[in-house]
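*Asks:*
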Amino acid sequence: MDLRVDAYITKHSNFTKLINEIRKTLLSTEFEETIKWGMPTYTINGKNVVGIGAFKSHFGIWFFQGALLKDTHKVLTNAQEGKTQAMRQWRFTNDSKIDKELLLTYINEAIDNEKKGLKIKPIGTKKPLVIPTELVSTINKNKALSISFEKLSLSKKREFSEYIAEAKREATKIKRLEKIIPMIMNGIGLHDKYKNC
42 MDLRVDAYIT
52 KHSNFTKLIN
62 EIRKTLLSTE
72 FEETIKWGMP
82 TYTINGKNVV
92 GIGAFKSHFG
102 IWFFQGALLK
112 DTHKVLTNAQ
122 EGKTQAMRQW
132 RFTNDSKIDK
142 ELLLTYINEA
152 IDNEKKGLKI
162 KPIGTKKPLV
172 IPTELVSTIN
182 KNKALSISFE
192 KLSLSKKREF
202 SEYIAEAKRE
212 ATKIKRLEKI
222 IPMIMNGIGL
232 HDKYKNC
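The working numbering puts the sequence shown at residues 42 to 238.
What follows is the structure, encoded as structure tokens:
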């Protein structure tokens, strides 16, 4: 049990009893409990499977790959219609009754799917990588930097490129270039420190 989850639940006092019921069910499985994006998240081997989010009028449990669940009882809805392909939520209000057996059925299916490696990969048009001239010029002057940059994943290359391109002033671009050169050399992405929080 993660004490930060206790604090999260206490903060949402209108749903405390119900969230605790759901939490107890989640913890009766092999999930590891943590906090990600400020909300309770339940993982298997470090992979996000279920999350809990509380709001003013309702709270819900999110199944990160919920579109793969059978949903025989039709309790799941798209978390953000038109935006999310895989995530599904099961909403509750403070007068909801929690059917623990049914909840466990959905949870166990989500765990099984995660263990099987079943995933819905986002589809969409990939935007082209546009490397700003300042970064191209810096890379071209340093062979080791050029090799390191080529080894980066497309997403890391895009992060660095956008970081430079977004700077309005030349001085800011130079400052940012100085910051990212050691990161590129070490294969560290601009946002890596946030990804495993």
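Beta carbons are placed, not taken as given, at the ideal position from N, Cα and C, and that holds for glycine.
Could you give the distance in angstroms between the alpha-carbon of Phe96 and the alpha-carbon of Ile76?
*Replies:* 16 Å
*Asks:* For Gly92, name the three-state secondary structure that DSSP assigns.
*Replies:* DSSP, read as helix, strand or coil, puts Gly92 in strand.
*Asks:* How long is the line joining the alpha carbons of His232 and Leu218, rounded to whole angstroms?
*Replies:* 15 Å
*Asks:* Compute the distance between the beta-carbons of Lys173 and Ser202, then report whether it is under 8 Å.
*Replies:* Looking at the sequence provided, one finds Pro at residue 173 rather than Lys. Yes, these two residues count as a Cβ contact at 8 Å.
*Asks:* Tell me the DSSP secondary structure of Pro223 in three-state form.
*Replies:* Helix.
*Asks:* Determine the direct distance from the alpha carbon of Ala212 to that of Leu59, and round the result to whole angstroms.
*Replies:* 53 Å
*Asks:* Does the beta-carbon distance from Trp103 to Val116 come in below 8 Å?
*Replies:* no
*Asks:* Tell me, which residues are paired with Gly107 by DSSP?
*Replies:* Paired residues: none, contrary to the question.
*Asks:* Three-state secondary structure (DSSP) at Phe201?
*Replies:* Phe201 falls in the helix class under three-state DSSP.
*Asks:* Kindly indicate which three-state DSSP category Asn119 falls into: helix, strand or coil?
*Replies:* strand
*Asks:* From Val177 to Val171, what does the alpha carbon distance come to, in whole angstroms?
*Replies:* Cα to Cα, Val177 sits roughly 10 Å from Val171.
*Asks:* Please name the residue, chosen from Arg129, Gln121, Ser98 and Ile180, that lies closest to Val91 on a Cα-to-Cα basis.
*Replies:* When only C-alpha atoms are compared, the closest one is Arg129.
*Asks:* May I ask which residues mark the beginning and end of the alpha helix (DSSP H) holding Lys209?
*Replies:* No alpha helix (DSSP H) holds Lys209; DSSP gives it neither H nor E.
*Asks:* Let's see if you can read the secondary structure: which residues bound the alpha helix (DSSP H) around Lys141?
*Replies:* Lys141 to Lys157
*Asks:* When burial is assigned at 16 or more other CB atoms within 10 Å of the CB, is Thr51 buried or exposed?
*Replies:* exposed
*Asks:* In its own chain, which residues sit with a C-beta less than 8 Å from the C-beta of Glu200, not counting the 5 before and 5 after it?
*Replies:* Once the five neighbours on either side are set aside, the close Cβ partners of Glu200 are Gly230, Leu231 and His232.
*Asks:* Is Ile85 helix, strand or coil when you go by DSSP?
*Replies:* strand
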